[in-house]
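If you read the protein sequences in the order shown, they are chains S and C.
Numbering-wise, the first sequence is residues 1 to 224 according to the working numbering.
Numbering-wise, the second sequence is residues 1 to 224 according to the working numbering.
Beneath this line is the structure, given in structure tokens, with notes to follow.
There are 2 protein chains.
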Amino acid sequence: MCDNCGCTLTISPAIKILDQQDKQALVNIQIFRENRIFSLNIMGSPGSGKTSLLEKTIELLGDRLKIGVIEGDLEESLDAERIRQKGVPAYQITTGSACHLDAFMVRHAMSHIPLSDLDIVFIENVGNLVCPAVYSLGVDCNVVVLSVTEGDDKPAKYPVMFRFAQVLVISKSDLLPYVDFDISKVISLARKVNPAIKVMELSIKNNIGMDGWINLLNYGVKGT
Amino acid sequence: MCDNCGCTLTISPAIKILDQQDKQALVNIQIFRENRIFSLNIMGSPGSGKTSLLEKTIELLGDRLKIGVIEGDLEESLDAERIRQKGVPAYQITTGSACHLDAFMVRHAMSHIPLSDLDIVFIENVGNLVCPAVYSLGVDCNVVVLSVTEGDDKPAKYPVMFRFAQVLVISKSDLLPYVDFDISKVISLARKVNPAIKVMELSIKNNIGMDGWINLLNYGVKGT
Numbered sequence: 001m002c003d004n005c006g007c008t009l010t011i012s013p014a015i016k017i018l019d020q021q022d023k024q025a026l027v028n029i030q031i032f033r034e035n036r037i038f039s040l041n042i043m044g045s046p047g048s049g050k051t052s053l054l055e056k057t058i059e060l061l062g063d064r065l066k067i068g069v070i071e072g073d074l075e076e077s078l079d080a081e082r083i084r085q086k087g088v089p090a091y092q093i094t095t096g097s098a099c100h101l102d103a104f105m106v107r108h109a110m111s112h113i114p115l116s117d118l119d120i121v122f123i124e125n126v127g128n129l130v131c132p133a134v135y136s137l138g139v140d141c142n143v144v145v146l147s148v149t150e151g152d153d154k155p156a157k158y159p160v161m162f163r164f165a166q167v168l169v170i171s172k173s174d175l176l177p178y179v180d181f182d183i184s185k186v187i188s189l190a191r192k193v194n195p196a197i198k199v200m201e202l203s204i205k206n207n208i209g210m211d212g213w214i215n216l217l218n219y220g221v222k223g224t
Numbered sequence: 001m002c003d004n005c006g007c008t009l010t011i012s013p014a015i016k017i018l019d020q021q022d023k024q025a026l027v028n029i030q031i032f033r034e035n036r037i038f039s040l041n042i043m044g045s046p047g048s049g050k051t052s053l054l055e056k057t058i059e060l061l062g063d064r065l066k067i068g069v070i071e072g073d074l075e076e077s078l079d080a081e082r083i084r085q086k087g088v089p090a091y092q093i094t095t096g097s098a099c100h101l102d103a104f105m106v107r108h109a110m111s112h113i114p115l116s117d118l119d120i121v122f123i124e125n126v127g128n129l130v131c132p133a134v135y136s137l138g139v140d141c142n143v144v145v146l147s148v149t150e151g152d153d154k155p156a157k158y159p160v161m162f163r164f165a166q167v168l169v170i171s172k173s174d175l176l177p178y179v180d181f182d183i184s185k186v187i188s189l190a191r192k193v194n195p196a197i198k199v200m201e202l203s204i205k206n207n208i209g210m211d212g213w214i215n216l217l218n219y220g221v222k223g224t
């Protein structure tokens, strides 16, 4: 229903589809847990730095933990290739024009990576600050990556995502001197929609803040 | 159908909905043309600089052309407020969790701005490099704004959008010294999926490349 005038905008079949999705998400998390895997859904706008964060994480953690990656892209498999070059198993989901990953796509991809050998699975969602937040994939931790070049009003403009995520990674902090971006404002806006959200500020380029991220991953693995 | 293994992922009701959308889009363009309005759909990732581009355009053109703006946001009306502060009529569409504007939403918004008094209407879509490209709004010109901080691989990763747009605005070129972004690569990738796409490079901050953008708008208005 349109909030402005009452005209009908809602599409009811979507509700039924989401029900099925939620059931599949419960199956997925069960499989991850049976395999003692810490699973993360990495979301964010195109270019927010999701793949770069995964590459850096593999560099820092790859000799201590066994990492697997599921990549979501519309058509190309560029990201999975980047990850494989780091020596980590990666499976590419090609969504066509679909703007998000869903639990069924992830279940399919899970059968293409060696789950029983892994400690962590990262699922890099399609670059999109809206739709992925409506689809539970069945993971331990939903992460939204927001780069400092995207503007400090984003948690107010895209609240669904910031409500959905347990962790907010503020990326590309090396660019702070060149853009208008107030980190305290972002944190305040994010906490307004999600008081419990954990926030960390990173620069992969300048290797700032990576300790906190690595600690979170280690904690997640030990906790499973 | 999943390209990987043949499992079914397609949701058929969407096809019917898109048919209705296309019919409404034809109605919208007809109304814009009857009112001799040049209409543009401004798309791009969150934080690509869409609202800033509109603000700068109003500063440069507002005393010569009568501008109206339709804004799409999930919950807040921040962008419409920014535009109204420039003295231009702006109507906010609040989409809730919907990731794009559609032709019905735009038709509704059109009744809230003084069409008969306007020369140009800008429709700023929800920040999203995927979904808006599937929904025709019924405009003369679809524009995608890509900031140099988003990475130069985006036309390969999000080809649907770059195929849909007639104009690619490469924004925030003042940040080029601080990021890895090869403009010739972006243009080449964009033209691979859309050989006719018009490309312009802008910096609103440093006032670079605005002449080409203003010329395009003036040409659009004179041509209607």
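We put the beta carbon where it would ideally sit given N, CA and C, even for glycine.
This structure is a prediction, so every number in the text was calculated from the model and none was measured.
Item to check | Where the alpha helix (DSSP H) containing Met122 (chain C) begins and where it ends | outcome: Along the second sequence, one-based indexing puts residue 122 (chain C) at 122. What sits at residue 122 (chain C) in the sequence shown is Phe, not Met. Looking at the DSSP string, Phe122 (chain C) is not in any alpha helix (DSSP H); the run it does join, the beta strand (DSSP E), is Ile120 to Glu124.
Checklist entry - Around the C-beta of Tyr158 (chain C), are 16 or more other C-beta atoms found within 10 angstroms, so that it is buried, or is it exposed? => result The residue given as residue 158 (chain C) occupies position 158 in the second sequence. By the 10 Å Cβ count, Tyr158 (chain C) comes out buried.
Checklist entry - With 16 other CB atoms within 10 Å as the buried threshold, where does Ala196 (chain S) fall? => result Within the first sequence, numbered from 1, the residue matching residue 196 (chain S) stands at position 196. Exposed: under 16 other Cβ atoms inside 10 Å.
Checklist entry - Which residue spans inside the region 101 to 148 of chain C form an unbroken beta strand (DSSP E) run of at least 3? => result Counting only runs of 3 or more, we get 120 to 124 and 141 to 147.
Checklist entry - Does any residue of chain S bring its CB to less than 8 Å from the CB of Tyr135 (chain C)? => result As a first step, residue 135 (chain C) must be located in the second sequence, where it is residue number 135. Judged by the 8 Å Cβ criterion, Tyr135 (chain C) is not in contact with chain S.
Next on the checklist: Going by DSSP in three states, Asn35 (chain C) sits in which element: helix, strand or coil?
Outcome noted: Your numbering for residue 35 (chain C) matches position 35 in the second sequence. Collapsing the DSSP output to three states places Asn35 (chain C) in coil.
Checklist entry - If you drop the 5 nearest sequence neighbours on each side, which residues of the same chain put their C-beta closer than 6 Å to that of Leu168 (chain S)? => result Taking the first sequence and counting its residues from 1, one reaches residue 168 (chain S) at position 168. Here the set comprises Val144, Ala190, Ile197 and Val199.
Checklist entry - Which partner residues does Ile208 (chain S) have in the DSSP bridge list? => result In the first sequence, counting from the first residue as 1, residue 208 (chain S) sits at position 208. DSSP output for Ile208 (chain S) lists S:Ser203 as bridge partner(s).
Item to check | DSSP-derived helix/strand/coil call for Glu71 (chain C) | outcome: Residue numbering aside, residue 71 (chain C) sits at position 71 when the second sequence is read from its first letter. Strand, per DSSP.
Checklist entry - What runs of the beta strand (DSSP E), each 3 residues or longer, lie entirely inside the region 154 to 197 of chain C? => result For the region 154 to 197 of chain C, whole beta strand (DSSP E) runs of length 3 or above, ordered along the chain, are 167 to 171.
Next on the checklist: Going by the DSSP bridge assignment, what does Thr94 (chain C) pair with across the sheet?
Outcome noted: On the second sequence, position 94 is the one that residue 94 (chain C) refers to. Paired residues: C:Asp73.
Checklist entry - If we cut at 8 Å on Cβ distances, does Thr149 (chain C) have a partner in chain S? => result As a first step, residue 149 (chain C) must be located in the second sequence, where it is residue number 149. Among the residues facing chain S, Thr149 (chain C) is included, as its CB has a counterpart in that chain under 8 Å away.
Checklist entry - What are the partner residues of Gly44 (chain S), as DSSP defines its beta bridges? => result Reading the first sequence from its first residue, position 44 is the one you call residue 44 (chain S). S:Asn128 and S:Val145.
Next on the checklist: Less than 6 Å between C-beta atoms, sequence neighbours within five positions excluded: which residues of the same chain meet that for Ser203 (chain C)?
Outcome noted: Residue numbering aside, residue 203 (chain C) sits at position 203 when the second sequence is read from its first letter. Cβ neighbours of Ser203 (chain C) beyond the five flanking positions: Ser173 and Asp174.
Checklist entry - Using Cβ-Cβ distances below 7 Å, what residues of the region 54 to 79 of chain C are close to chain S? => result For the region 54 to 79 of chain C, the beta-carbon criterion of a distance under 7 Å to any beta-carbon of chain S is satisfied by Asp73, Leu74, Glu75, Glu76 and Leu78.
Next on the checklist: Check this for me: beta carbons of Gln92 (chain S) and Glu71 (chain S), under 8 Å apart or not?
Outcome noted: The residue labelled residue 92 (chain S) in the question sits at position 92 within the first sequence. The residue labelled residue 71 (chain S) in the question sits at position 71 within the first sequence. Going by C-beta atoms, Gln92 (chain S) is nearer than 8 Å to Glu71 (chain S).
Item to check | Residues that Ala156 (chain S) contacts on chain C, provided the C-beta gap is smaller than 7 Å | outcome: Against the first sequence, residue 156 (chain S) aligns to sequence position 156. For the C-beta of Ala156 (chain S), the chain C residues within less than 7 Å are, from N- to C-terminus, Glu76 and Leu78.
Checklist entry - Is any beta-carbon of chain C found at less than 8 Å from that of Ser97 (chain S)? => result Here residue 97 (chain S) refers to the residue found at position 97 of the first sequence. At least one chain C Cβ lies under 8 Å of Ser97 (chain S).
Item to check | CA nearest to the CA of Ile58 (chain C), picked from C:Tyr219, C:Arg33, C:Ile214 and C:Gly220 | outcome: Counted from its first residue, the second sequence places residue 58 (chain C) at position 58. Of all alpha-carbon atoms in C:Tyr219, C:Arg33, C:Ile214 and C:Gly220, the one lying nearest the alpha-carbon of Ile58 (chain C) is that of C:Ile214.
Checklist entry - I think Ile120 (chain S) touches Leu65 (chain S), with their Cβ atoms under 8 Å apart; what is that distance to the nearest whole Å? => result Numbered from its first residue, the first sequence carries residue 120 (chain S) at position 120. Numbered from its first residue, the first sequence carries residue 65 (chain S) at position 65. About 6 Å separates the two Cβ atoms, so the contact holds.
Item to check | Residue environment, Asn207 (chain S), which counts as buried when at least 16 other CB atoms sit within 10 Å | outcome: Position 207 of the first sequence, counting from 1, holds the residue named residue 207 (chain S). Within 10 angstroms of the beta-carbon of Asn207 (chain S) lie fewer than 16 other beta-carbons, which makes it exposed.
Checklist entry - What span of residues does the alpha helix (DSSP H) with Arg84 (chain C) cover, start to end? => result Residue numbering aside, residue 84 (chain C) sits at position 84 when the second sequence is read from its first letter. Looking at the DSSP string, the run of the alpha helix (DSSP H) that includes Arg84 (chain C) is Leu78 to Arg84.
Checklist entry - Can you tell which of S:Glu201, S:Lys192, S:Gln166 and S:Asn194 has the C-alpha that lies nearest to the C-alpha of Glu183 (chain S)? => result Counting from 1 along the first sequence, the entry for residue 183 (chain S) is found at position 183. Note that residue 183 (chain S) is Ile in the sequence shown here, rather than Glu. For the residues S:Glu201, S:Lys192, S:Gln166 and S:Asn194, the minimum Cα distance to Ile183 (chain S) belongs to S:Glu201.
Checklist entry - Is Leu176 (chain C) closer than 8 Å to Val148 (chain C) when the C-beta atoms are compared? => result Counting from one through the second sequence, the residue named residue 148 (chain C) turns up at place 148. Counting from one through the second sequence, the residue named residue 176 (chain C) turns up at place 176. Yes, these two residues count as a Cβ contact at 8 Å.
Checklist entry - Between which two residues does the alpha helix (DSSP H) containing Glu55 (chain S) stretch? => result Counting from one through the first sequence, the residue named residue 55 (chain S) turns up at place 55. For Glu55 (chain S), the enclosing alpha helix (DSSP H) begins and ends at Lys50 to Leu61.
Checklist entry - Taking the alpha-carbon positions, what's the Met161 (chain S) to Leu60 (chain C) distance? => result Residue numbering aside, residue 161 (chain S) sits at position 161 when the first sequence is read from its first letter. Residue numbering aside, residue 60 (chain C) sits at position 60 when the second sequence is read from its first letter. Each residue's alpha carbon lies about 35 Å from the other.
Next on the checklist: Any beta carbon from chain C within less than 8 Å of Val106 (chain S)'s own beta carbon?
Outcome noted: In the first sequence, the residue the question calls residue 106 (chain S) occupies position 106. Judged by the 8 Å Cβ criterion, Val106 (chain S) is not in contact with chain C.
Next on the checklist: Am I right that Ser136 (chain S) and Gln21 (chain S) are in contact with their C-beta atoms under 8 Å? What's the rounded C-beta distance?
Outcome noted: Sequence index remark: in the first sequence, residue 136 (chain S) carries index 136 (1-based). Sequence index remark: in the first sequence, residue 21 (chain S) carries index 21 (1-based). The pair is a contact, with the Cβ atoms about 7 Å apart (cut-off 8 Å).
Item to check | Inter-residue Cα distance where the pair is Gly226 (chain C) and Leu216 (chain C) | outcome: Outside the displayed range of chain C (1 to 224) lies residue 226 (chain C), so it cannot be described from this structure.
Next on the checklist: Please classify Leu26 (chain C) as buried or exposed, where buried requires at least 16 neighbouring CB atoms within 10 angstroms.
Outcome noted: The count along the second sequence starts at 1 and reaches residue 26 (chain C) at position 26. So Leu26 (chain C) ends up on the exposed side.
Next on the checklist: For a test of the three-state rule: what should DSSP assign to Asn4 (chain C), helix, strand or coil?
Outcome noted: Translated into the one-based positions of the second sequence, residue 4 (chain C) becomes position 4. Low confidence applies here, because Asn4 (chain C) scores a pLDDT of 33, under 50, leaving its location unreliable; read the following figure in that light. Correct three-state label for Asn4 (chain C): coil.
Checklist entry - What's the gap between the Cα of Cys141 (chain C) and the Cα of Gly44 (chain S)? => result Residue 141 (chain C) sits at position 141 when you count from the first residue of the second sequence. Residue 44 (chain S) sits at position 44 when you count from the first residue of the first sequence. Cα-Cα distance, rounded: 27 Å.
Item to check | Anticipated Cβ contact below 8 Å, Val193 (chain C) with Ile170 (chain C), distance rounded | outcome: To locate residue 193 (chain C), count along the second sequence from 1; it is residue 193. To locate residue 170 (chain C), count along the second sequence from 1; it is residue 170. Wrong, their Cβ atoms sit about 16 Å apart, outside the cutoff.
Next on the checklist: Which of the three DSSP states is assigned to Gly220 (chain C) in this structure?
Outcome noted: Working through the second sequence from its first residue, we reach residue 220 (chain C) at position 220. Three-state DSSP puts Gly220 (chain C) in a helix.
Checklist entry - So which residues on chain S does Pro114 (chain C) lean against when the C-beta distance must stay under 7 Å? => result Taking the first residue of the second sequence as 1, we reach residue 114 (chain C) at position 114. By Cβ distance, chain S contributes nothing, its closest Cβ being about 17 Å from Pro114 (chain C), past 7 Å.
Item to check | CB contact check: Val169 (chain S) to chain C, cutoff 8 Å | outcome: The residue you call residue 169 (chain S) lines up with position 169 of the first sequence. Closer than 8 Å: no.
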